[in-house]
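Quick notes on the structure that follows.
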Amino acid sequence: MVRVIVDGTPVDVPPGSSALQACEAAGKEIPRFCYHERLSVAGNCRMCLVEVARAPKPVASCGFPVSDGMQIFTDTEVVRRARRAVMEFLLINHPLDCPICDQGGECDLQDQAYGYGSGISRYKEDKRAVTDKDLGPLVKTVMTRCIQCTRCVRFSTEVAGTPELGMVSRGENAEITTYVEKALTSELSGNLIDVCPVGALTAKPSAFHARSWEYKKTDSIDVMDALGTNIQVQARGGEVMRIVPRVNDEVNEEWLSDKGRFSVDGLKRRRLDRPWVRVHGKISAVSWKDALIALARRFDGVSGDKIGAIAGDLCDAESLCALKDLLQSLGSPNLDCRQDGAWYDTETRSGYLFNSDVSGIDQADALLLVGTMPRHEAPVLNARIRKRFVEAGRGGFPIGMIGVPTADMTYDVSMLGAGPDTLADILSGKSAFADVLKDAQKPMIILGHAALTRRDAPAIYAACRELAHACGALTPEWNGLNILHTAASRVGALDLGFLPGAHGCDAASMLRGSVEILWLLGADDVQLDRIPPETFVVYQGHHGDAAAKRADIILPGAAYTEKPGTYVNTAGRVQRAFRAVFAPGEAREDWRIIRAFSEVVGHTLPYDSLEQLRAHMAQVNPVFAVAGKSAPRLAGAEGVPAERAGARDGELMATPLQPVIQNYYQTNVISRASLTMAECSKVYGTVPAVAAE
């Protein structure tokens, strides 16, 4: 450690730290605009000036390395005058439009102008103006407000991996622009709004809707993918207005995907706000009492083995547990959370988890992607992979891929083959990537749903398990065999055992008519055309999507922002979300609907409150007892039984591994109801060719 004296206070910091980091370690607040903890140092704004003993003039603390015994002064008259001068220069061309700027109330320039601004301007010449840029349907620009801190340029280049922004010209003519005048293509472009310290980049969909101090802020969990990104839901009145990320270094750092941020308007459209019952082919709105009684009458006389339930991708663990308990009380073994038909090794919990944890990517030194496109399936996790790739330097983090890519991965990838039979070549040593994995100290394999939703999924998983064992990815200290899920509810459902019981039917069998009554809990992506006309369908969900159209009874539930809920991310981390607003109309929390119906049908569930239900969940699986902490990591030797480590189940097919996500912006009922996501799909989607082309 290096000892530095900051305003007379000694502080120890790691070698290579900057003077700014040393000042923060000493509890001193240093103003800054261009410096960001997760971006490279630019030293553009000069707002972080401090005095250093024996230095001839104030230095920019963000880029000044510390040395042992260095004395730093953060609040001298020289420092205050220098910062006031920098602030005066920054405000020379800045427009005085705070009353209409969406950044007002959470603007760094606003805050620091109070501390270092003079209140008057000595600048009498004409101010410059900059043409606004069209960055697409998500990010709004007012470039005259830009202070050229280049945070946006560094984020798009370093974190997102899509270098589409840059600075042109010099001096007073310098401005930020896109290189080819096109919309930003990153799935993380909304984070540009967060890193911008002024109002140059703001959210286009929510422009001029509300002021930042009007929002009620609630902690929650993003359900647009399985990463479990920590978010803050900002609401005004009874309406969700914005969603922004929360910092969690173990999961999402401080980033959020565009779908999780901007699909918020989908929470307001196509909502189910009252129960509906189909009578003689016509759907009619009814009261809750009538709906539950009608449903109980339909259940009367039906044996348990003729009742089934399929859970969707956005469900909270509480509703999954309640529905499982209800069907078990009715004698039904027909449960399934895999509406996509995925296969998992459920003998141990490590068989379906991202075992090295998301933060484990930072330790890996080789990566094999099998049947996954992280850029579309988990954009924030993809940014973590890119971060590791950049930090390791050229050749320091080799990445191989088996599958069919649909977009640039934002990092260099060696394409090893399109089909899973490539795994056999790696295992036999025919592929050069076999040596790469064996030479790595902590190799990592990520297996995606393009592989797990095929007929040969067991064989693919077994081959990956065998490869992981052979290359040293399964050791007592490191488990590098990872499953990347795409559904927010999937790991929680697997932990609760929401799977077919003894002699129970899976989702495909239930859809083919093996049950008389089919309960769809938010299952909006099943193949509805396969359901026989005589099957009685109960749909419980929050949007009037295709599944609601097919239903005989509709029970309106609450969306993820409208209920407290528990979600388990792809790495097995149990996280809690809180209610931000109430559900519209007569819609209710899903577990409460199931609990009410259990009483009407004569099989009352043994819990009356959320606390009692969560205590019951902890009895079902102890992982639900503690939320917010990382799941216990199973070492490779424990996670894979020795007798199965080298076993191969079935044959590997040569059929290419096709991506499971064709349209990133519309993958669930909320994003499909969002006008913003529809616009993104139109702008970024593939344009169909016409006959003349």
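Numbered as in the working numbering, the sequence shown ends at 2028 without a single skipped number.
All residues carry an ideal CB built from backbone N, CA and C; glycine is no exception.
Since the structure is predicted, the reported quantities are computational estimates derived from the model, not experimental observations.
Legend entry - Secondary structure of Ile1678, DSSP reduced to three states: Along the sequence shown, read from residue 1 onward, the residue named residue 1678 stands at position 343. What sits at residue 1678 in the sequence shown is Trp, not Ile. Trp1678 falls in the coil class under three-state DSSP.
Inset, instruction - Return yes when the Cβ of Val1826 is within less than 8 Å of the Cβ of Trp1854, no when it is not. - result: As a working mapping, residue 1854 is identified with position 519 in the sequence shown. As a working mapping, residue 1826 is identified with position 491 in the sequence shown. In this structure, Val1826 does not lie closer than 8 Å to Trp1854 by Cβ.
Inset, instruction - Run the CB neighbour count on Ser1555, radius 10 Å, all protein chains shown included, and call it buried at 16 or more, exposed below. - result: Counted from its first residue, the sequence shown places residue 1555 at position 220. Classified as buried, Ser1555 has 16 or more neighbouring CB atoms from the shown chains inside 10 Å of its CB.
Inset, instruction - Determine the contact status of Val1599 and Arg1577, defining contact as a CB-CB distance below 8 Å. - result: Here residue 1599 refers to the residue found at position 264 of the sequence shown. Here residue 1577 refers to the residue found at position 242 of the sequence shown. Against a cut-off of 8 Å, the Cβ pair of Arg1577 and Val1599 comes out as a contact.
Inset, instruction - Please determine, among Ala1808, Leu1751 and Pro1740, the residue with the shortest C-alpha to C-alpha distance to Val1995. - result: Translated into the one-based positions of the sequence shown, residue 1995 becomes position 660. Comparing Cα-Cα distances from Val1995 to each of Ala1808, Leu1751 and Pro1740, the minimum goes to Pro1740.
Legend entry - Buried versus exposed, by CB contacts within 10 Å (16 or more), Met1336: Taking the first residue of the sequence shown as position 1, residue 1336 is located at position 1. By the neighbour-count rule (16 or more Cβ atoms within 10 Å), Met1336 is not buried but exposed.
Legend entry - For Gly1643, the three-state DSSP class (helix, strand or coil): Position 308 of the sequence shown, counted from the first residue, corresponds to residue 1643. In the three-state scheme derived from DSSP, where H, G and I count as helix and E and B as strand, Gly1643 is classed as strand.
Legend entry - Distance, Ile1720 Cα to Ala1727 Cα: The sequence position of residue 1727 within the sequence shown is 392, counting from 1. The sequence position of residue 1720 within the sequence shown is 385, counting from 1. Inter-residue distance for Ala1727 and Ile1720 is about 11 Å (C-alpha atoms, whole angstroms).
Legend entry - Pairwise C-alpha distance: Met1478 and Val1465: On the sequence shown, residue 1465 is found 130 positions in, with the first residue counted as 1. On the sequence shown, residue 1478 is found 143 positions in, with the first residue counted as 1. Answer to the nearest angstrom: the Cα atoms are 6 Å apart.
Inset, instruction - Identify whether Ile1556 lies in helix, strand or coil by the three-state DSSP scheme. - result: Here the question's residue 1556 lines up with position 221 in the sequence shown. In the structure shown, Ile1556 sits in a strand (DSSP, three-state: E or B).
Inset, instruction - Give every residue of the same chain whose Cβ lies closer than 7 Å to the Cβ of Thr1990, excluding the five residues on either side of it in the sequence, and list them in chain order. - result: For the purposes of this step, residue 1990 is identified with residue 655 of the sequence shown, where counting begins at 1. The residues are Gly1754.
Inset, instruction - Can you give me the Cβ contacts of Cys1487 inside the same chain, cut-off strictly under 7 Å, excluding the 5 residues immediately before and after it? - result: Position 152 of the sequence shown, counted from the start, is the residue given in the question as residue 1487. Correct list, in chain order: Leu1500, Ile1511, Leu1527, Val1530, Cys1531 and Leu1536.
Legend entry - Other residues of its chain near Leu1787: CB distance less than 6 Å, five sequence neighbours each side excluded: As a working mapping, residue 1787 is identified with position 452 in the sequence shown. Same-chain partners within the cutoff: Ala1677 and Trp1678.
Legend entry - Distance between Arg1419 and Leu1649 (C-alpha atoms, nearest Å): As a first step, residue 1649 is located in the sequence shown; it is residue number 314 there, counting from the start. As a first step, residue 1419 is located in the sequence shown; it is residue number 84 there, counting from the start. Each residue's alpha carbon lies about 51 Å from the other.
Legend entry - Proximity to Arg1415 [Cα-Cα], best of Arg1389, Leu1384, Gly1876 and Pro1400: The residue you call residue 1415 lines up with position 80 of the sequence shown. The shortest CA-to-CA distance from Arg1415 to any of Arg1389, Leu1384, Gly1876 and Pro1400 is the one to Leu1384.
Inset, instruction - Could you name the residues of the same chain whose beta carbon sits closer than 8 Å to that of Cys1481, not counting the 5 residues immediately before and after it, in chain order? - result: Looking up residue 1481 in the sequence shown gives position 146. Contacts found: Val1465, Glu1510, Ile1511, Val1533 and Ala1535.
Legend entry - Three-state secondary structure assigned by DSSP to Gly1752: Walking along the sequence shown from the start, residue 1752 turns up at place 417. In this structure, Gly1752 counts as strand in the three-state DSSP scheme.
Legend entry - For His1544, three-class secondary structure by DSSP: If you number the sequence shown from 1, residue 1544 lands on position 209. In the displayed model, His1544 falls within coil according to three-state DSSP, outside both helix and strand.
Inset, instruction - Would you decide whether Met2012 is buried or exposed? Buried here means 16 or more other CB atoms lie within 10 Å of its CB. - result: In the sequence shown, the residue the question calls residue 2012 occupies position 677. Under this definition Met2012 is a buried residue.
Inset, instruction - Sort out for me which residues DSSP pairs Tyr1565 with in a bridge. - result: Position 230 of the sequence shown holds residue 1565. According to the sequence displayed, residue 1565 carries Asn and not Tyr. The partner list for Asn1565 (beta bridge, DSSP) reads Ile1556.
Inset, instruction - Consult DSSP for Asn1379 and reduce its assignment to one of helix, strand or coil. - result: By 1-based counting over the sequence shown, the position of residue 1379 is 44. Asn1379 falls in the coil class under three-state DSSP.
Inset, instruction - With DSSP as the reference, label Ala2020 as helix, strand or coil. - result: If you number the sequence shown from 1, residue 2020 lands on position 685. At residue 2020 the sequence reads Gly, which differs from the Ala that was named. Three-state result, Gly2020: coil.
Inset, instruction - Just the C-alpha distance for Leu1716 and Ala1561, rounded to the nearest angstrom, thanks. - result: Within the sequence shown, numbered from 1, the residue matching residue 1716 stands at position 381. Within the sequence shown, numbered from 1, the residue matching residue 1561 stands at position 226. Straight-line spacing of the CA atoms in Leu1716 and Ala1561 works out to 10 Å.
Inset, instruction - Please report the residue range of the alpha helix (DSSP H) in which Asp1774 lies. - result: Counting from one through the sequence shown, the residue named residue 1774 turns up at place 439. From DSSP, the alpha helix (DSSP H) with Asp1774 extends over Phe1768 to Asp1774.
Legend entry - Inter-stretch contact (C-beta, 8 Å, three-pair minimum) for the stretch 1761-1771 and the stretch 1676-1695: Pairwise C-beta distances place the stretch 1761-1771 out of contact with the stretch 1676-1695, as fewer than three of them are shorter than 8 Å.
Inset, instruction - Report yes or no: do the stretch 1802-1812 and the stretch 1838-1854 share at least 3 C-beta pairs separated by less than 8 Å? - result: Segments in contact, no.
Inset, instruction - Please classify Ala1989: does DSSP put it in a helix, a strand, or coil? - result: Taking the sequence shown and counting its residues from 1, the one referred to as residue 1989 is at position 654. Looking at Ala1989 - three-state DSSP - the assignment turns out to be coil, as it is neither helix nor strand.
Inset, instruction - Can you grab the Cα-Cα spacing for the pair Cys1433 / Gly1595, in whole Å? - result: Translated into the one-based positions of the sequence shown, residue 1433 becomes position 98. Translated into the one-based positions of the sequence shown, residue 1595 becomes position 260. Cα atoms of Cys1433 and Gly1595: separation of roughly 28 Å, rounded to the nearest angstrom.
Inset, instruction - Assign Ser1622 to buried or exposed, taking buried as 16 or more other Cβ atoms, counted over all protein chains shown, within 10 Å of its Cβ. - result: On the sequence shown, residue 1622 is found 287 positions in, with the first residue counted as 1. Label assigned to Ser1622: exposed.
Legend entry - Every unbroken beta strand (DSSP E) within the stretch 1489-1527, with a cutoff of 3 residues, ordered by chain: The qualifying runs are 1500-1503 and 1510-1513.
Inset, instruction - Consult DSSP for Glu1412 and reduce its assignment to one of helix, strand or coil. - result: Looking up residue 1412 in the sequence shown gives position 77. DSSP places Glu1412 in the helix class (H, G or I) of the three-state scheme.
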